[in-house]
Amino acid sequence: MNPLPHGPEWDFELIERYHVAIAETAGEFGLDTYPNQIEIINSEQMLDAYASSGLPIGYPHWSYGKAFIRNEQSYRKGYQGLAYEIVINSSPCIAYLMEENTMTMQALVIAHASYGHNSFFKNNYLFRQFTDAEAILDYLVFARRYVMECEERYGVAEVEEVLDSAHALMDYGVDRYKRPGPISAKEKVARKSERDEYEQRQFNDLWRTLPQKSAQSSIPDNRPFPAEPEENILYFVEKHSPRLAPWQRELVRIVRKLAQYFYPQIQTKVMNEGWATFWHYTLTNRLYEKRVVNDAFMFEFLHNHTNVVTQRGFDERGYHGINPYALGFAMMQDIRRICERPTDEDRAFFPDLAGTDWKKSLDFAMRNFKDESFIAQYLSPRMIRDLRLFVVADHSGEAELEVDSIHDEHGYRRVRRMLAEQYRRENMLPEIQVTRYERDTDRSLLLRNPIFRGRPLREEEADQVLRHLGRLWGFPVRLEAVSTDGKVESTREWRP
Amino acid sequence: MNYLIDRRLNGRNKSAVNRERFIRRYKDHIRRAVKGMIADRSIKEMVQGGDVKVPAKDISEPGFRYGSGGDWETVHPGNKEFVTGDRIARPNGGGGGSGGHEPGEGQSVDDFVFTLSRDEFLNIFFEDLELPNLMRTAIAEAENKKYVRAGYVKDGTPSNLSVARTMKTALARRIALGGEVRDQLVLARAALEVARSEGRPSARIQALEAEIAELEARLKRVPFLDDVDLRYRHRVVQAQPAARAVMFCLMDVSASMDEHKKDLAKRFFTLLYLFLTRKYERVDLVFIRHTDEAEEVDENTFFHDPRSGGTVVLSALELMKTICEARYPNSEWNIYAAQASDGDAFGADAGRSARFVQEHLLPITRYFAYVEIPDDQEGRRSSLWVEYETIPSRDGNFAMRRVSSAEEIYPVFRDLFSKETA
Numbered sequence: 004m005n006p007l008p009h010g011p012e013w014d015f016e017l018i019e020r021y022h023v024a025i026a027e028t029a030g031e032f033g034l035d036t037y038p039n040q041i042e043i044i045n046s047e048q049m050l051d052a053y054a055s056s057g058l059p060i061g062y063p064h065w066s067y068g069k070a071f072i073r074n075e076q077s078y079r080k081g082y083q084g085l086a087y088e089i090v091i092n093s094s095p096c097i098a099y100l101m102e103e104n105t106m107t108m109q110a111l112v113i114a115h116a117s118y119g120h121n122s123f124f125k126n127n128y129l130f131r132q133f134t135d136a137e138a139i140l141d142y143l144v145f146a147r148r149y150v151m152e153c154e155e156r157y158g159v160a161e162v163e164e165v166l167d168s169a170h171a172l173m174d175y176g177v178d179r180y181k182r183p184g185p186i187s188a189k190e191k192v193a194r195k196s197e198r199d200e201y202e203q204r205q206f207n208d209l210w211r212t213l214p215q216k217s218a219q220s221s222i223p224d225n226r227p228f229p230a231e232p233e234e235n236i237l238y239f240v241e242k243h244s245p246r247l248a249p250w251q252r253e254l255v256r257i258v259r260k261l262a263q264y265f266y267p268q269i270q271t272k273v274m275n276e277g278w279a280t281f282w283h284y285t286l287t288n289r290l291y292e293k294r295v296v297n298d299a300f301m302f303e304f305l306h307n308h309t310n311v312v313t314q315r316g317f318d319e320r321g322y323h324g325i326n327p328y329a330l331g332f333a334m335m336q337d338i339r340r341i342c343e344r345p346t347d348e349d350r351a352f353f354p355d356l357a358g359t360d361w362k363k364s365l366d367f368a369m370r371n372f373k374d375e376s377f378i379a380q381y382l383s384p385r386m387i388r389d390l391r392l393f394v395v396a397d398h399s400g401e402a403e404l405e406v407d408s409i410h411d412e413h414g415y416r417r418v419r420r421m422l423a424e425q426y427r428r429e430n431m432l433p434e435i436q437v438t439r440y441e442r443d444t445d446r447s448l449l450l451r452n453p454i455f456r457g458r459p460l461r462e463e464e465a466d467q468v469l470r471h472l473g474r475l476w477g478f479p480v481r482l483e484a485v486s487t488d489g490k491v492e493s494t495r496e497w498r499p
Numbered sequence: 025m026n027y028l029i030d031r032r033l034n035g036r037n038k039s040a041v042n043r044e045r046f047i048r049r050y051k052d053h054i055r056r057a058v059k060g061m062i063a064d065r066s067i068k069e070m071v072q073g074g075d076v077k078v079p080a081k082d083i084s085e086p087g088f089r090y091g092s093g094g095d096w097e098t099v100h101p102g103n104k105e106f107v108t109g110d111r112i113a114r115p116n117g118g119g120g121g122s123g124g125h126e127p128g129e130g131q132s133v134d135d136f137v138f139t140l141s142r143d144e145f146l147n148i149f150f151e152d153l154e155l156p157n158l159m160r161t162a163i164a165e166a167e168n169k170k171y172v173r174a175g176y177v178k179d180g181t182p183s184n185l186s187v188a189r190t191m192k193t194a195l196a197r198r199i200a201l202g203g204e205v206r207d208q209l210v211l212a213r214a215a216l217e218v219a220r221s222e223g224r225p226s227a228r229i230q231a232l233e234a235e236i237a238e239l240e241a242r243l244k245r246v247p248f249l250d251d252v253d254l255r256y257r258h259r260v261v262q263a264q265p266a267a268r269a270v271m272f273c274l275m276d277v278s279a280s281m282d283e284h285k286k287d288l289a290k291r292f293f294t295l296l297y298l299f300l301t302r303k304y305e306r307v308d309l310v311f312i313r314h315t316d317e318a319e320e321v322d323e324n325t326f327f328h329d330p331r332s333g334g335t336v337v338l339s340a341l342e343l344m345k346t347i348c349e350a351r352y353p354n355s356e357w358n359i360y361a362a363q364a365s366d367g368d369a370f371g372a373d374a375g376r377s378a379r380f381v382q383e384h385l386l387p388i389t390r391y392f393a394y395v396e397i398p399d400d401q402e403g404r405r406s407s408l409w410v411e412y413e414t415i416p417s418r419d420g421n422f423a424m425r426r427v428s429s430a431e432e433i434y435p436v437f438r439d440l441f442s443k444e445t446a
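Protein chains in written order, with our numbering: chain G, 4 to 499; chain Z, 25 to 446.
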């Protein structure tokens, strides 16, 4: 390949050429991606995109306005820079590049978003299970149109009420496990014939002579409903709310669908960013090896790359917890190292991984894990030492914090488990389930909050959310906090 | 398949609707803030927009979240000196589990401050205000011109050529011109067929063949495309109707109107001016100032040029009528008038003015507002006020108010122009 020209200025032709070079290199590594759509936007459009969580189309709502105003102000005042790119999980995979970026940055972003994120979106199991990249853009268009139609027909305020309430429960609008789909007509026929065949085989005329059960003995259905607790509250509201009109149900559904669309992204932040960062790093280095890009390009690239993957220590200024880019990138690099140059320690910890083909192993890791399981599976002692990770325990009974474990022989497994736990959903969001819907009496709804490690809910907010839920439900709503031994610790209630 | 798209030219204000929703929702806060701004601003500054603060509590979006307390383990990077079992004092000074695991938690406590743009500010500023008796009196001269498609014409510029239409015409012409020839051709061919099958002499056959060749050549000579086929898309200019209004600002600048009073009047007119330019796409403003004689001046002179002398109110009213008759016929313009004065009028002037307003001006104006800026607070009624009070306001198109301090300007203004309740 011929060397590409380097300079801060980009133009469309140059971007094409870089793109071709990157695509070819990605092909060498066998990255499997959706088709790419790269769009150049300016900073104001980037701010617009920010406000709607990066989605190209959104329905109108004040909270997006609030986000927009907040971002715009901190950007104008210089508190906050803008991301270099935004990438959308769709097919074709849309990546936004900022016009202010230099050519090097554009190349970095193309490698990062259009090849890194893109292949992750296409292959990770959570995305495959829960999102439909082909349909999302159409769905967004539908959602926007539907919301606006409702506003016209029922009034902006009415629609806003429903959306506000649904937004308050957005975190509780996701399925964590795939619901069985409705069976198809073909399957129904097959089942029926199977049953008929069975009955035929079991046929005995004697059965006919048995006395029939009298029809009156049918007792009222007293079984509690739902039979199993339901953790997708919005789903339950949408299907069973006694009060909502059909259009309101559809609005709830739209919010729920969006929540579900974002669910895999929240669950795979570390992996997704790590994977994308690993590939922009690997692809660019490969380009450099092939002498397609020159030293100047590499210096600028490395400067930006290092900024992205900086992990500050807990006592340094600007520490905001663990940087998902840094952790993810380091772990991806570490997996490659374990495959290529394993130490004895690695062999002991990862017997199945050490010495295998790194491309295959890394691909496997990308496809089949989410942050929690990925860290539990792949965080190596060496990573723990490099990052000097330590666990601080903060227990309500104690007057002081305690250092639970550090990067030593005894601590490796515990640090790894604790870090994995940190990315568990229960650890970030309290667990709330619908346990009872009194269909036959006062139509009240009972929610249960199994108390997780003694952590209480934020009371004032919980009351507000309950009010929102009550608005959607229309009848009394109760929330019980239940301790591990099944005792009800506290109850809060909302009545219309 | 890969695409590279330049989106920079697309609209950049995608979030405008969301911003508007936000403002709608927090209108009460914003209204309160705007009121505060009005109090301590001069009119000139007033149109600049300003910062609005909304308490964080009112704006938060609630969700089920963990409060403080309970057991937490947090992993941090960058350990330097800790070993397992070390005990550390709680950073926040203690008390049952800080739960300080959420970065950024502290930021949300701040109030939410944002800046209203000039337009948003004015929208709220003039909210609920309406020009009384607003009617779309007449179709104005073509102010907005619009090109409208109006069928097809036979000549025009090449860029307007309608290819489809041209081909259609050409086809019709070819059919029409070739019709007779084609009929003959059909007959000739049939005859040739017959002649051949019946074995007629070759001379006859040759003659028929020659005829056919001749006919085919004639058919071929009909041109595929001719000048007469060309059709061009036709566009005509259409005038866009627009309601137009003229606003007369009458101000007494006699010696008794001191700087303070003039300032108040100016503020009133400035408000009026801002308000009107928002209400109409096309508003003509006529500024008339008068001492003992009236003159029409431009905006700048009206507001900024000092002048003093005696007082003859009637002169201004008469000038207004003259201007109306000359330039703003009642049938085509919505006429509004606002008069500001300290109410001083001498002798018969006040009575004659009132009668003039009643007889000549009210019939042609949609609204006539009189603002009096009295000398003192005691409320001695000026001669003009007394006389104006006798004007019967049959159609509700005459109103008068008193203003004595800057704070009153806005309420009086609102009062005069508040939306009529249906």
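Heads up, the beta-carbon is just placed ideally off N, CA and C, and yes, glycines get one too.
In chain order, H100, P101, G102 make up the part of chain Z whose C-beta sits under 7 angstroms from the C-beta of F317 of chain G.
Between the alpha carbons of D52 of chain Z and T139 of chain Z lies a distance of about 15 angstroms. Taking 8 angstroms as the upper bound for CB-CB distance, M369 of chain G and W278 of chain G are in contact here, some 6 angstroms apart. Within chain G, the residues D397 have their CB atoms less than 7 angstroms from the CB of W96 of chain Z, given in chain order. In this structure, G:I325 is the residue among G:A465, G:H243, G:I325, G:K195 with its C-alpha nearest to the C-alpha of T313 of chain G. Look at the region 166-239 of chain Z and you find these whole runs of beta strand (DSSP E), each 3 residues long or longer: 168-177. Of all alpha-carbon atoms in G:L469, G:N45, G:Y426, G:F130, the one lying nearest the alpha-carbon of F265 of chain G is that of G:F130. For V99 of chain Z, the closest of G:Y322, G:H306, G:N126 by C-alpha to C-alpha distance is G:Y322. Membership of K490 of chain G in any alpha helix (DSSP H) is not indicated, and neither H nor E is assigned to it by DSSP. Identification of residues in the region 378-411 of chain G having a C-beta nearer than 8 angstroms to some C-beta of chain Z yields L390, R391, L392, F393, V394, V395, A396, D397, H398, S399, A402, E403, L404, E405, V406, D407, S408, I409, H410, D411, given in sequence order. Counting only the Cα atoms, E161 of chain G lies some 13 angstroms from P63 of chain G.
Q40 of chain G sits in a strand when the DSSP states are folded into three classes. Going by C-alpha positions, R427 of chain G is about 17 angstroms away from N452 of chain G. Interface annotation for the region 225-241 of chain Z against chain G: empty, criterion Cβ-Cβ distance under 9 angstroms. Put simply, the CB of N45 of chain G is near chain Z, with a gap under 8 angstroms to one of its CB atoms.
Excluding residues up to 5 positions away in sequence, H384 lie with their Cβ nearer than 6 angstroms to the Cβ of K345 of chain Z in the same chain. Counting only the Cα atoms, A357 of chain G lies some 9 angstroms from A351 of chain G. Judged by their CB atoms, M335 of chain G and A262 of chain G are not nearer to each other than the 8 angstroms cut-off.
At the C-beta level, I236 of chain G and I454 of chain G stay beyond 8 angstroms of one another. Counting only runs that start and end inside the region 341-411 of chain Z, the alpha helix (DSSP H) elements of at least 4 residues fall at 373-380. Within the region 45-115 of chain G, complete alpha helix (DSSP H) segments of at least 4 residues are found at 46-54, 65-79, 106-112, given in chain order.
Per DSSP, the continuous alpha helix (DSSP H) segment holding N126 of chain G begins and ends at 121-126. Put simply, of G:Q76, G:W210, G:H120 the residue whose alpha carbon is nearest the alpha carbon of Q40 of chain G is G:H120. With a threshold of 8 angstroms between beta carbons, M335 of chain G makes no contact with chain Z.
For the C-beta of K77 of chain Z, not a single chain G residue is nearer than 7 angstroms; the gap to the nearest is close to 12 angstroms. Per DSSP, the continuous alpha helix (DSSP H) segment holding R289 of chain G begins and ends at 272-292.
In this structure, DSSP gives A318 of chain Z an extended state, which the three-state scheme calls strand. Within the same chain, Cβ atoms closer than 8 angstroms to the Cβ of I387 of chain G are found at H410, G414, Y415, V418, R419, the five residues on either side in sequence being excluded. Rounded to the nearest whole angstrom, the CA to CA distance from L309 of chain Z to R268 of chain Z is 11 angstroms. Collapsing the DSSP output to three states places R391 of chain G in coil. In the three-state reduction of the DSSP assignment, E483 of chain G falls in the strand class. In the structure shown, P453 of chain G falls within a strand segment according to DSSP collapsed to helix, strand and coil. With a threshold of 16 other beta carbon atoms within 10 Å, H284 of chain Z falls short and is exposed.
Against chain Z, the CB of D174 of chain G has a partner CB under 8 angstroms away; the residue lies at that interface. Residues of the region 12-29 of chain G with a C-beta less than 8 angstroms from any C-beta of chain Z: F15, I18, E19, H22, A26, listed in chain order. The Cβ of F239 of chain G sits no closer than 8 angstroms to any Cβ of chain Z.
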